[in-house]
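Quick notes on the structure that follows.
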Amino acid sequence: MLTMDQIHDIRNRFYEKGENISQIAEALHLDWRTVRKYIDQTDFNSPPPKPALEKQFCPKLDPYKEMIDSWLIEDKSAPRKQRHTAKRVFHRLLAEIPGFDCSYRTVASYYAVKHREIFKQNKQAYLPLVHQPGEAQVDFGTAEFYENGQKLTGKYLEVSFPYSNKGYLQLFYGENMECLLEGLDAIFRHIGCVPRELWFDNTKVIVTEIIRGGGRKLTDKFERFREHYHFKAVFMNPGAGHEKGNVENKVGYQRRNFMVPVPCFLSLSDYNRQLLTECEKDARRNHYRYDETIEERFQADLTACHKLPGIAFDLTGHQTLKADNWARIYLNKRQHAYSVAPKYAQCPVHLVLTSALVIIQDENFREIVRHRRLYGDTKQEQMDWLPYLKQLSLRPRALKYTGIYELMPETMQTYLATCSGSEVGQILKVLSELTSRTGFDSAVNTVNHAIAHQARDADSLESLYRRLYSDVPELPAMTLAPGIPKMIPMQPNLTAYDILLQGKGADGYARQRNL
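For the sequence shown, my numbering gives the first residue as 122, with consecutive numbering after it.
What follows is the structure, encoded as structure tokens:
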């Protein structure tokens, strides 16, 4: 910290002599930020004196306080009658610390304060918190839902405003940075502003480390998001979910009211827009404590919020990974595999991550392929087979010597193994065409039918595919009007063709007829 003489010299040079910040910094050997700080400073009051509680307590014990604290913390798991007393602490220090020269009174004074501080935590009392307008709390809840008939277990982001008791939620396939940022951004844009303060748990999505003394190390992406939207992030004490009890209650309330029965929908994005509408309807009810509706109190929340930033924020995640020998990349601790394309094996690729998609790009940021993003802690794989099948159709003899063959479904391996070498290339070409039309599953289903019919050529595959996936509707039998005579079906006689093919000619055919 600079002396007042130094500060006066800085301000005098700037305001009286007209020197700029760089000149002052160079002349006084100071950082330019320091110079600017004192030029812009408007409050020169002396700092207020520290209260007695903040003054150093028992300074002579400073080298030993950490050791004493550890003994008392260990006592929390010991029987009550086998815990340290002040006298026992004093005697241990004398015995274990060479040259220890503090008095018993000093040790006892520190022991009394520290013992009360550590053991009073066993007697918890919850006090009602006073929440100000513009403050919001954030949490995730778990819910099941059906999308396109598929049952999934996902996470929903809950944002509640304790002052008004209004809440909003957005449903996702899982819980990660992209889900968090997309959900917050959607809610901010729906209400048209940004809360001045947001309360969070110490989730690993945001917090990388809890620093002793209450500080937090945050992920770079979240820090950028916080600064871009200009809100204050407040983090709860570890294991103290009750400190943001409003959102904890709202998570349960909206699950019971919006997720029962289990939601069924076609598009998650459409359903999330519907959820925001349901939240607006829910706010028409009366507040549980005040004689007004939730929506009426929410107007004070909106007034205390600040406007949205004019520049859009990139909510996607970005990574650069190297594809393996089979042109795959891995996420979620290698639990989830995603295909790239054969020519990118052992090459670096760029990933763009959203809550629902993994978009893979080449080194020039041109899209190669996009996959549905996988969630869960089990091994899963997303394969786009089209580029692999096209590549193999050009080099069919290399099929069994590539790792791609092992990745194929077992039925497709069996089918290709029964085909001759000359047929494999044509069949792979047909399979790639079928995959491009209606997806790899339809190609696999066609192969399964080909195995059942013992068909091993490309034309048969095409015919079976048209039979299974043709868009031509099957017409019902035609009903005839009364009075139309019923025609007797003609039974074809192919004997003449048999004789002709055997080379007997017209005479043979005539003799056959006479018989």
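From the three backbone atoms N, C-alpha and C, an ideal C-beta is built for every residue, glycine too.
Going by beta-carbon coordinates alone, are residue i and residue j separated by less than 7 Å?
{"i": "V372", "j": "E256", "result": "no"}
{"i": "Q534", "j": "A579", "result": "no"}
{"i": "K443", "j": "P463", "result": "no"}
{"i": "T559", "j": "E299", "result": "no"}
{"i": "W506", "j": "T556", "result": "yes"}
{"i": "E296", "j": "K276", "result": "yes"}
{"i": "A264", "j": "R376", "result": "yes"}
{"i": "P517", "j": "L537", "result": "no"}
{"i": "H349", "j": "P430", "result": "yes"}
{"i": "T567", "j": "Y586", "result": "yes"}
{"i": "V473", "j": "T441", "result": "no"}
{"i": "Q482", "j": "H492", "result": "no"}
{"i": "D422", "j": "Y289", "result": "no"}
{"i": "L193", "j": "C223", "result": "no"}
{"i": "F356", "j": "F321", "result": "yes"}
{"i": "C385", "j": "Y267", "result": "yes"}
{"i": "S553", "j": "K511", "result": "yes"}
{"i": "A573", "j": "L582", "result": "no"}
{"i": "Q354", "j": "L319", "result": "Going by the sequence as given, residue 354 is Ala instead of Gln. Against a cut-off of 7 Å, the Cβ pair of L319 and A354 comes out as a contact."}
{"i": "T124", "j": "C179", "result": "no"}
Buried or exposed: where does residue i fall if 16 or more other Cβ atoms within 10 Å of its Cβ makes it buried?
{"i": "S198", "result": "exposed"}
{"i": "L513", "result": "buried"}
{"i": "C400", "result": "buried"}
{"i": "T616", "result": "exposed"}
{"i": "R134", "result": "buried"}
{"i": "S191", "result": "exposed"}
{"i": "N166", "result": "exposed"}
{"i": "M529", "result": "buried"}
{"i": "S281", "result": "buried"}
{"i": "Y232", "result": "buried"}
{"i": "A173", "result": "Only weak support is given to the placement of A173: the predicted model assigns it a pLDDT of 42, under 50, and the question is left unresolved by the model."}
{"i": "K485", "result": "Here the sequence assigns Asn to residue 485, which means Lys is not the residue at that position. Burial call: exposed."}
{"i": "F352", "result": "buried"}
{"i": "E175", "result": "Here the model assigns E175 a pLDDT of 43, short of 50, so the residue's position is not dependable, and the following value carries that caveat. Result: exposed."}
{"i": "S460", "result": "buried"}
{"i": "F434", "result": "exposed"}
{"i": "Y590", "result": "exposed"}
{"i": "P508", "result": "buried"}
{"i": "Q291", "result": "buried"}
{"i": "A448", "result": "buried"}
{"i": "I450", "result": "buried"}
{"i": "R494", "result": "buried"}
{"i": "Y465", "result": "buried"}
{"i": "V479", "result": "buried"}
{"i": "I620", "result": "buried"}
{"i": "L520", "result": "buried"}
{"i": "G262", "result": "buried"}
{"i": "L389", "result": "buried"}
{"i": "A307", "result": "buried"}
{"i": "V251", "result": "exposed"}
Would you mind giving the Cβ-Cβ distance between residue i and residue j, rounded to the nearest angstrom? I have them listed as a contact below 8 Å.
{"i": "A404", "j": "E413", "result": "With 8 Å as the limit, A404 and E413 do not qualify as a contact, their Cβ atoms being about 11 Å apart."}
{"i": "T329", "j": "K338", "result": "5 Å"}
{"i": "F379", "j": "L396", "result": "6 Å"}
{"i": "D260", "j": "V156", "result": "Wrong, their Cβ atoms sit about 45 Å apart, outside the cutoff."}
{"i": "I160", "j": "L149", "result": "Actually they do not touch by this definition, with Cβ atoms about 12 Å apart."}
{"i": "Y409", "j": "N286", "result": "7 Å"}
{"i": "I327", "j": "F309", "result": "Going by Cβ atoms, the distance from I327 to F309 rounds to 17 Å, so no, they are not a contact pair."}
{"i": "R577", "j": "E544", "result": "7 Å"}
{"i": "T532", "j": "V565", "result": "7 Å"}
When you compare the CB of residue i with every CB in chain D, is at least one pair closer than 7 Å?
{"i": "W192", "result": "Among the protein chains of the structure shown there is no chain D, as only one such chain exists."}
Note down, one range per segment and in chain order, each beta strand (DSSP E) of at least 3 residues found wholly within the stretch 556 to 618.
none
Would you call the stretch 438 to 457 in contact with the stretch 494 to 506, where contact means no fewer than 3 C-beta pairs closer than 8 Å?
Yes, the stretch 438 to 457 is in contact with the stretch 494 to 506.
Fully enclosed by the stretch 331 to 414, which beta strand (DSSP E) runs are 3 residues long or longer?
336 to 339, 353 to 356
Would you check if the stretch 201 to 220 and the stretch 255 to 270 touch, i.e. whether three or more CB-CB distances between them fall below 8 Å?
Touching, no.
Length-filtered (3 minimum) beta strand (DSSP E) runs lying within the stretch 413 to 460
Here the runs fully enclosed are 438 to 443, 449 to 452, 457 to 460.
Does the stretch 421 to 431 come close enough to the stretch 313 to 328 to have 3 or more Cβ pairs within less than 8 Å?
yes
Between the stretch 268 to 286 and the stretch 324 to 343, are three or more C-beta pairs nearer than 8 Å?
no
Secondary structure, beta strand (DSSP E): runs of 3+ residues fully inside the stretch 459 to 487
Taken in chain order, the unbroken stretches of beta strand (DSSP E) that lie wholly in the stretch 459 to 487 and span 3 residues or more are 469 to 474, 478 to 482.
For the stretch 220 to 270, list the beta strand (DSSP E) runs that are entirely contained and at least 3 residues long, ordered along the chain.
Whole beta strand (DSSP E) segments, 3+ residues: 256 to 268.
Taking only runs of the alpha helix (DSSP H) that begin and end inside the stretch 277 to 316, which ones reach a length of at least 4 residues, in chain order?
298 to 312
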